[in-house]
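One structure is given here, and the rest of the page talks about it.
Numbering (the working numbering), first residue to last: 5 to 179.
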């Protein structure tokens with residue numbers, strides 16, 4: 005499959021079957037993240053793989069909305085960035101997440117990005133980032149960008165239409 009085909013195939017998936025996400029699947033997804041480019045080659049992104057059902061249920065409660073799918077996911081990857089290592093940790097983590105979503109889609113695994121940075125927790129007076137720092141024993145210098153849920157889709161999501169480059173969103177030469 006070419007890259008445009010893969011991009012058309014990738015969609016956010018929030019409901020999953022019970023089919024296991026294997027160690028081999030996780031390994032390839034992590035390799036895709038570790039191959040991501042990094043600003044000034046600082047590589048501040050790190051990853052916490054969660055497979056334990058109880059912990060996935062607790063991750064599902066990270067936010068009031070937008071993290072419930074983690075309860076039924078086969079696995080999750082919490083993407084954190086060392087904010088002391090690089091001022092571009094947000095961008096670097098985001099590129100890693102994109103690579104992971106594309107690798108998952110290539111293997112037929114669904115994924116969904118649950119944004120954590122700048123989001124409120126389901127717990128009162130606690131940010132989603134603070135909730136995860138406590139839950140996962142994340143050191144202070146790290147910030148959480150997002151959680152990526154992983155699992156085999158329970159329905160075929162189909163493909164996106166190939167967009168036309170003659171779009172009001174595309175500008176040539178100047179805005």
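The beta-carbon is built from N, C-alpha and C at its ideal position, and this holds for glycine as well. A quick note: this is a predicted structure, and the numbers were derived from the prediction, not measured.
Of the candidates 167, 29 and 122, 29 places its Cα closest to the Cα of residue 80. As summarised for the segment 74-133, the continuous beta strand (DSSP E) elements at least 3 residues long and confined to that stretch are 79-86 and 114-119, given in chain order.
Per DSSP, the beta-bridge partners of residue 50 are 84. Cα atoms of residue 143 and residue 101: separation of roughly 20 Å, rounded to the nearest angstrom.
DSSP places residue 69 in the coil class of the three-state scheme, outside both helix and strand.
In this structure, residue 20 lies near residue 158, with their beta-carbon atoms less than 9 Å apart.
With 16 or more neighbouring CB atoms inside 10 Å of its own CB, residue 107 falls in the buried class.
The alpha-carbon separation between residue 97 and residue 149 amounts to approximately 7 Å. In the three-state DSSP reduction, residue 176 falls in the coil class, being neither helix nor strand. Going by DSSP, residue 58 is part of the alpha helix (DSSP H) stretching over 57-63. Note that the C-beta distance between residue 73 and residue 139 is not below 9 Å. Within the segment 128-165, complete alpha helix (DSSP H) segments of at least 4 residues are found at 132-140, given in chain order. The C-alpha of residue 48 lies about 32 Å from the C-alpha of residue 173.
With a cutoff of 9 Å on beta-carbon distance, residue 33 and residue 84 are scored as not near each other. Its chain contains 118, 120, 123, 124, 125, 126 and 132 as the residues whose beta carbon lies nearer than 8 Å to that of residue 67, once the 5 sequence neighbours on both sides are disregarded; these appear in chain order.
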